[in-house]
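To convert, take the position in the sequence shown, counting from 1, and add 468; that gives this note's numbering.
For every residue, glycine included, the Cβ atom is placed at its ideal position computed from N, Cα and C.
All figures in this text were calculated on a predicted structure; none of them were measured in a lab.
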Amino acid sequence: SLGIFLPLALLLKAIGWPVLLVLAVLAIPVFIMFLVFGLPVFMVLLVGGGLLAIVFAVLAMGLAVLKLLLPVLLIVMVVWCGIRILRWMFGGNCGSSGSEGTSPGVI
């Protein structure tokens, strides 16, 4: 019986109680549909729901990656903005692209 509970425990650890509770609540109408419509219609709904679940899983993974990358992106943005501000403060002629401040008379 441990073979059944191990994936459930891993799933619970991965997604947490609130998400599992929502999934359980969503599973109730699915079970009712199975009782009402029978197996063929339920299989069609299950395949459609499976595709939907894959889409949601990809979105969730994307959000998790974004959450991990957010501090890095923030640091890169701050550094980039800092460099832009420093270049603007010091006339813009320190840097690889010295297009600002090189042509006289043009403001």
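| query | result |
| --- | --- |
| Assign Gly563 to buried or exposed, taking buried as 16 or more other Cβ atoms, counted over all protein chains shown, within 10 Å of its Cβ. | With a pLDDT of 49 at Gly563, under the threshold of 50, the modelled position of that residue is not reliable, and no figure is offered here. |
| What would DSSP say about Gly484, mapped onto helix, strand or coil? | coil |
| Between which residues of its own chain and Leu554 is the CB-CB distance below 6 Å, once the five residues before and five after are set aside? | none |
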